[in-house]
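Asker: Chains as they are written, first to last, in the numbering used here: chain A, 1467 to 1575; chain U, 435 to 1365.
This structure is in structure tokens; I'll ask about it shortly.
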Amino acid sequence: MGEQLELLQGTLDLLILKTLALGPMHGWGISQRIQQVSQEVLQVGQGSLYPALARLEQRGWIGAEWSTSDNNRRAKFYSLTKAGARQLKKELGEWERLSAAIALVLEQS
Amino acid sequence: MSFGKRFRAIFKASGAQSDLNEELRFHLEKEVEQNIARGMSAEEARRQALIAFGGVQQTRENVRRVRWSHFAEVLTQDLRYGRRMLLKSPGFTVIAVLTLALGIGMNSAIFSLIDAVLFRALPAQHPEELVVLKWHARHRAKNVGNRSYGDCAARITADNPSGCSLSLPFFNEAGSQGLFSDVAAMAGALQLDISGNGAASIVNDGQFVSSGFFRMLGTKAAAGRLLQPSDDVIGASPALVLSHSYWQTAFGGSAEAVGKTVRLNGQPFTIVGVADANFTGLTPGHRVDLWMPLSTSRLVTPRWTPEDESGKLWWLVIVGRLKDGVTVQQAHSALTLLFQNLTEHAEKPYFTEADAPNIEVLPAQQGLVGGSKNILQPLYLMMMAVALVLLIACANIAGLLLARSAARTREIAVRLTLGARRGRLISQLLVESLLLSTLGGALGLVVAHWGAQALWSLANRDGSGPPPFNPHLDWRVLIFTAAIALVTGVLFGLAPALRSLRVDLAPALKTGSGSSDAGAPRAKWYGMGNTLVVAQVSLAIVALVTAGLLVRTLRNLKNADLGFDSDHLLVFSLDPILAGYKSAQIDSLNRDLQRQIAALPGVKSVTYSWTTLLRGWEWDTDLHLPGTPAKEAANAHYLPVGPGFFATLRIPLKTGRDFNAADFAVAAERAALPPKAKPDPTAAPLTVIVNEAFVRRYFPHVDPLGRHLDPGPADDPNEPRPPGWDIIGVAGDAHYEDVRSEVEPTMYAACAGNASFSVRTVADPLAMIPTIRNLVNQRDNNLAMSHVLSEDQQIDQQVFVERLVARLSSFFGLLALLLACAGIYGLLSYEVTRRTREIGIRMAIGAQQSDVVSMVVRQGLLVALAGVVIGAAASFAVNGLLAKILYHVRVGDPATLGAVTLILLVIALAACFLPARRATRVDPLVALRYE
């Protein structure tokens, strides 16, 4: 396992939205996907995951539905809403601009 | 997530928590599975998973906080936004809040009055335990005297009568059946003459109560003590308890009142105490001024006989608390048995078995409805009027909000495009409206407090005196106010909010609010704004026409030809029998007083009569015209009058003569006979003066002078009949009982009994009152004057309902007119703003200022006219309901309608003035660029 990095709240939201853009998923699945894709760098524990999911649900960017998981147990599946998709696009744009700007500053020296 | 779902989610907290728990459990189990898949043992897998999992309590807290903080954040945002929008247009905000305060406040005021009458618990400890007894039967009881004082809804009809007045023997027996832990009886006193405390006066609201009354209710004393069992024993020194308000008004609230001796109908009583301020009597709406022990009724009631304490007189209302373990059913059976026993097996039975008399045991709150019915009617009337005022206010504010929201179309379109959810926008707009209505509601409570008093005096027939209940703002009224504020806010906020969201995005973004080639939504708004204003105008018309008709009715009533001169006339009544006079003495008393009053400077003339004219009292008698079939009865009004009656009241004597000393002597003789004496057919007939209506009805084309009238046909032809009447004169028609009805055939006779005085004064009649009071007091300080007022005031009391409706509809109409005017102004000024570009174009291509003005004015007048037409039609319908109280003015009266239309058009023109002026100030160059 890699080091656990402190994730900003907004960044976590972005990661969750991006993950859900691929399709509906339950909470554990989201944290697993983020972990795998980031090659074990980003580990999202339940302590940060579920408050973030609640927040996104309140804002109306994701929707939730109870359904059965692959091993026939009940789980809450989250999915991206239309407003969420718009928000994702907006935040991706901001993220790109931000990281580009930071890269520029760091290149200087 | 929509507003609704989010809102509901907050309150499904427990459900949400269990949801979260299940999610966390699932998450943990998956972790464990993964660990096992990596090769750990089951226990190790679980241990590692738990370590990695971390604390769950914190997570729960965080999630909960997220949900709440989001809701609070949104609400705070909405409130701040709403406050900013309201502060931006302070004029609108102030007007809206004041209008709402008035509307909501008046509704709360009425509700607090109705609440005080209907819902307020009885002023006793554990009022839910109190029961009252009510008798029922299939037919009316025979040989029984029934007295009720309006404590419960009695029906003394031939079929299925009921009532709660019962006899003293029944009360005594009912109390000794072991059914009650406490039982008491109360009975109203007839008029009481109270003297010994300054000038003698009349008390109309005295009450006799049995010994356990105050103890049963748990009433407290404000001074001294209340009545005890030792007071209600025959031979005990008569004790008296004052009510708090009577103590304040008659005794100045002084501590010296306790222990003072006063005389009630000549009988000395000692005041032993004053009741607590909250206790105005047990029956709601029925104010009591003083309480006396039941056993003193024999000392105080005029013409009391021992029969009054037998089963023959039903006069007591019985209230009690059932003993623990005694059910209502048991009490009902036991008491019914007792009642049947007493009534069916009396010497002269009051009921037969077939009448099925029974006693119902009712909760006192239900049974003692008392005078509330009379009070409730005008209150309900006012509640409807006030609710309508509120509706108009809502319509007005909705219109203004529509105008404002239409101005914000562009802003809303932009926000929608950027992704704001409609639900969010609606909730924001609603919060704004609710903010307005909450402010209005809070201010409305102040209005309600003041308004309750004002409305009470409006509804109260006597116009003065404290209400017999305290309309204070208790929790029920507060909840009602809050509910009304909420409903109002949603009512006027929802339509504009929804309307403002049905915006076609593309045209709204392009053209903003300045274009006249608006998309469909704009045209529809225009329609709605117009409709609201037309509705306001119609309502204003209806109210004003009603007001106009009623004001004219009142004027007609006041100016009606009464047949006598009602100017500068003072009236008052005396009841010498209460002061201990015997019938024979009353006549000389009246004569003496008449002479003495006539000698006062400031008095032109004085007379007396059985009742003063237009008091609402009326006496009529059957008679038989000689020459008509024996069984045929004629009927006429009957009024005994004193010397100088026609001269003082200025009723012309057409033919014949006035009464002379001989006539009065005969009358006095007749009055001096004992009440049960048999009539003597050979005695001299009484002389009467008839009015012209009598002559027209019974002696058309014949001279009535000298004619004889027989008394009405008797049931038993063998019974001796009184000698009848001789006609000695004919007087002009004069109204007797009321102003409205046609003058009936009337017979005036010589008066020799209790009378009321009519005094013609030189100056203001009310100014003579102290002097005359002094005079009466000096003659006999036990003699009380009652019902002292000017004839004009007396006539006013007659037209109470007409006055009430006239005042209501005038106030209502004026308010509606103002609101309609504001509505027209708002509509037009918005239109000018909206069509600024169009106006600019017109002016640029050569339109004159007058053309622009006429464009604005034309629209205003069209709207007003539409409202007038609809309002006129509606007023026909509404006023059909009022046809009964109109007097000499028809429902569709063109003059009233015309006057109201004119007023409204003038107001509409005035409302057009400012917007039209603004339209002419439009600079074409600026307007064309205006967006």
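Don't be surprised by glycine CBs; every beta carbon is placed ideally from N, CA and C.
What's the gap between the Cα of serine 898(U) and the Cα of aspartate 666(U)?
Answerer: Taking the second sequence and counting its residues from 1, one reaches residue 898(U) at position 464. Taking the second sequence and counting its residues from 1, one reaches residue 666(U) at position 232. Confidence at serine 898(U) is low in this model, with a pLDDT of 48, below 50, so the placement of that residue is unreliable and no value is reported for it.
Asker: Quick one: which chain A residues come within Cβ less than 8 Å of threonine 493(U)?
Answerer: Working through the second sequence from its first residue, we reach residue 493(U) at position 59. Within chain A, the residues near threonine 493(U) are Gln1512, Gly1513, Tyr1516, Pro1517.
Asker: So which residues on chain A does glycine 488(U) lean against when the C-beta distance must stay under 8 Å?
Answerer: Here residue 488(U) refers to the residue found at position 54 of the second sequence. Correct list: Gly1511, Gln1512, Gly1513.
Asker: Could you list which residues in chain U have their beta carbon closer than 7 Å to that of glycine 1493(A), in chain order?
Answerer: On the first sequence, position 27 is the one that residue 1493(A) refers to. Chain U residues near glycine 1493(A): Glu457, His461.
Asker: Taking 8 Å as the CB-CB limit, is glycine 1559(A) close to chain U?
Answerer: Stepping through the first sequence from its first residue, residue 1559(A) is reached at position 93. It does not; no Cβ of chain U falls within 8 Å.
Asker: Could you confirm whether any beta carbon from chain U is found closer than 8 Å to the beta carbon of glutamine 1524(A)?
Answerer: Locating residue 1524(A) in the first sequence gives position 58, counting from the first residue. It does: the Cβ of glutamine 1524(A) has a partner Cβ on chain U nearer than 8 Å.
Asker: Does the beta-carbon distance from serine 1309(U) to valine 979(U) come in below 8 Å?
Answerer: For this step, residue 1309(U) is matched to residue 875 along the second sequence. For this step, residue 979(U) is matched to residue 545 along the second sequence. Yes, these two residues count as a Cβ contact at 8 Å.
Asker: My output table needs one value for threonine 1041(U): the three-state DSSP class, helix, strand or coil.
Answerer: One-based indexing of the second sequence puts residue 1041(U) at position 607. Three-state DSSP puts threonine 1041(U) in a strand.
Asker: Using the DSSP secondary-structure output, state which residues sit across from valine 751(U) in a beta bridge.
Answerer: The residue given as residue 751(U) occupies position 317 in the second sequence. Looking at the DSSP assignment, valine 751(U) forms a beta bridge with Ser599(U), Met620(U).
Asker: How about alanine 587(U) and valine 753(U): are their beta carbons less than 8 Å apart?
Answerer: Translated into positions along the second sequence, residue 587(U) becomes position 153. Translated into positions along the second sequence, residue 753(U) becomes position 319. Not closer than 8 Å, so no.
Asker: Which chain U residues sit within Cβ distance under 8 Å of arginine 1521(A)?
Answerer: As a first step, residue 1521(A) is located in the first sequence; it is residue number 55 there, counting from the start. Residues of chain U passing the Cβ test: Val500, His504.
Asker: For the segment 768 to 848 of chain U, which segments carrying the beta strand (DSSP E) assignment without a break, of at least 3 residues, lie completely within its bounds, in sequence order?
Answerer: Complete beta strand (DSSP E) runs here, min 3: 792 to 797.
Asker: Going along the chain, which residues of its own chain have a beta-carbon closer than 8 Å to the beta-carbon of proline 736(U), five neighbours each way excluded?
Answerer: If you number the second sequence from 1, residue 736(U) lands on position 302. Here the set comprises Leu624, Asn699, Ile1011, Leu1012.
Asker: Here's the rule: buried if 16 or more other CB atoms are within 10 angstroms of the residue's CB, otherwise exposed. What is leucine 834(U)?
Answerer: What you label residue 834(U) is simply residue 400 of the second sequence in a count that begins at 1. The residue is buried, with at least 16 neighbouring Cβ atoms inside 10 Å.
Asker: Using three-state DSSP, classify glutamine 1232(U) as helix, strand or coil.
Answerer: As a working note, residue 1232(U) is residue 798 in the second sequence. Helix.
Asker: Over what stretch of residues does the beta strand (DSSP E) that includes leucine 1143(U) continue unbroken?
Answerer: Mapped onto the second sequence, residue 1143(U) falls at position 709. Unbroken beta strand (DSSP E) run through leucine 1143(U): 1142 to 1145.
Asker: Could you list which residues in chain A have their beta carbon closer than 9 Å to that of arginine 855(U), in chain order?
Answerer: The residue you call residue 855(U) lines up with position 421 of the second sequence. What arginine 855(U) touches in chain A: Gly1526, Ala1549.
Asker: For phenylalanine 1347(U), which of helix, strand or coil comes out of DSSP?
Answerer: Taking the first residue of the second sequence as position 1, residue 1347(U) is located at position 913. Correct three-state label for phenylalanine 1347(U): helix.
Asker: Can you check the segment 671 to 713 of chain U for any alpha helix (DSSP H) of at least 4 residues that lies completely inside it and give the ranges in chain order?
Answerer: List check, alpha helix (DSSP H) in window: 678 to 685.
Asker: Return the CA-CA distance between leucine 1570(A) and glutamate 1557(A), expressed in angstroms with no decimal places.
Answerer: Your numbering for residue 1570(A) matches position 104 in the first sequence. Your numbering for residue 1557(A) matches position 91 in the first sequence. For leucine 1570(A) and glutamate 1557(A), the distance between alpha carbons rounds to 20 Å.
Asker: Apart from the five residues on each side of it in sequence, which residues of its chain come closer than 8 Å, Cβ to Cβ, to proline 1115(U)?
Answerer: Within the second sequence, numbered from 1, the residue matching residue 1115(U) stands at position 681. Excluding positions up to five away in sequence, the list reads Pro1154, Arg1155, Pro1156, Pro1157.
Asker: Along the chain, where does the alpha helix (DSSP H) that runs through phenylalanine 1133(U) open and close?
Answerer: Position 699 of the second sequence, counting from 1, holds the residue named residue 1133(U). It is not in any alpha helix (DSSP H) - phenylalanine 1133(U) carries neither H nor E in the DSSP assignment.
Asker: When you compare only the Cα positions, how much space is there between valine 643(U) and leucine 988(U)?
Answerer: Your numbering for residue 643(U) matches position 209 in the second sequence. Your numbering for residue 988(U) matches position 554 in the second sequence. Those two C-alpha atoms are separated by around 43 Å.
Asker: Mind checking whether leucine 1262(U) and proline 1349(U) have CB atoms under 8 Å apart?
Answerer: Counted from its first residue, the second sequence places residue 1262(U) at position 828. Counted from its first residue, the second sequence places residue 1349(U) at position 915. Result yes, Cβ atoms of leucine 1262(U) and proline 1349(U) sit closer than 8 Å.
Asker: May I have the straight-line CA-CA distance separating serine 452(U) from glycine 1260(U), to the nearest angstrom?
Answerer: If you number the second sequence from 1, residue 452(U) lands on position 18. If you number the second sequence from 1, residue 1260(U) lands on position 826. The alpha-carbon atoms of serine 452(U) and glycine 1260(U) are separated by roughly 53 Å.
Asker: Thinking alanine 1127(U) and threonine 1180(U) are a contact (beta carbons under 8 Å), I'd like their distance in whole angstroms, please.
Answerer: Position 693 of the second sequence, counting from 1, holds the residue named residue 1127(U). Position 746 of the second sequence, counting from 1, holds the residue named residue 1180(U). Right, the Cβ-Cβ distance comes to about 7 Å (below 8 Å), so this counts as a contact.
Asker: Going by C-alpha to C-alpha distance, which of Leu534(U), Ile860(U), Val795(U) sits closest to arginine 755(U)?
Answerer: Here residue 755(U) corresponds to residue number 321 of the second sequence, with the count starting at 1. Minimum Cα distance to arginine 755(U) is reached at Val795(U).
Asker: Please state whether the Cβ-Cβ distance between threonine 1121(U) and isoleucine 1162(U) is less than 8 Å.
Answerer: On the second sequence, residue 1121(U) is found 687 positions in, with the first residue counted as 1. On the second sequence, residue 1162(U) is found 728 positions in, with the first residue counted as 1. It is a contact, given that the beta carbons lie within the stated cut-off.
Asker: Quick check on valine 880(U): does DSSP put it in helix, strand or coil?
Answerer: Here residue 880(U) is taken as the residue at index 446 of the second sequence, counted from 1. DSSP places valine 880(U) in helix when its eight states are reduced to three.
Asker: Use the C-beta contact count for alanine 1278(U): other C-beta atoms within 10 angstroms, 16 or more gives buried, fewer gives exposed.
Answerer: Within the second sequence, numbered from 1, the residue matching residue 1278(U) stands at position 844. Under this definition alanine 1278(U) is an exposed residue.
Asker: Counting only Cβ pairs nearer than 9 Å, list the residues of chain A close to leucine 1331(U).
Answerer: For this step, residue 1331(U) is matched to residue 897 along the second sequence. Under the 9 Å cutoff, chain A gives no residues; its nearest Cβ is about 57 Å from leucine 1331(U).
Asker: Measuring only the C-alpha atoms, how far is alanine 1111(U) from threonine 1055(U)?
Answerer: Reading the second sequence from its first residue, position 677 is the one you call residue 1111(U). Reading the second sequence from its first residue, position 621 is the one you call residue 1055(U). If I take the Cα positions, the gap works out to 19 Å.
Asker: Answer with buried or exposed for isoleucine 590(U), where buried requires no fewer than 16 other C-beta atoms within 10 angstroms of its C-beta.
Answerer: Taking the second sequence and counting its residues from 1, the one referred to as residue 590(U) is at position 156. Per the 10 Å Cβ criterion, exposed.
Asker: Is valine 497(U) close to chain A, meaning its C-beta is less than 8 Å from at least one C-beta of that chain?
Answerer: Residue mapping note: residue 497(U) aligns to position 63 of the second sequence, counting from 1. Interface residue, yes.
Asker: Can you give the beta carbon distance from arginine 1207(U) to alanine 788(U), rounded, assuming they're within the 8 Å contact cut?
Answerer: Working through the second sequence from its first residue, we reach residue 1207(U) at position 773. Working through the second sequence from its first residue, we reach residue 788(U) at position 354. So it is not a contact: roughly 56 Å between Cβ atoms.
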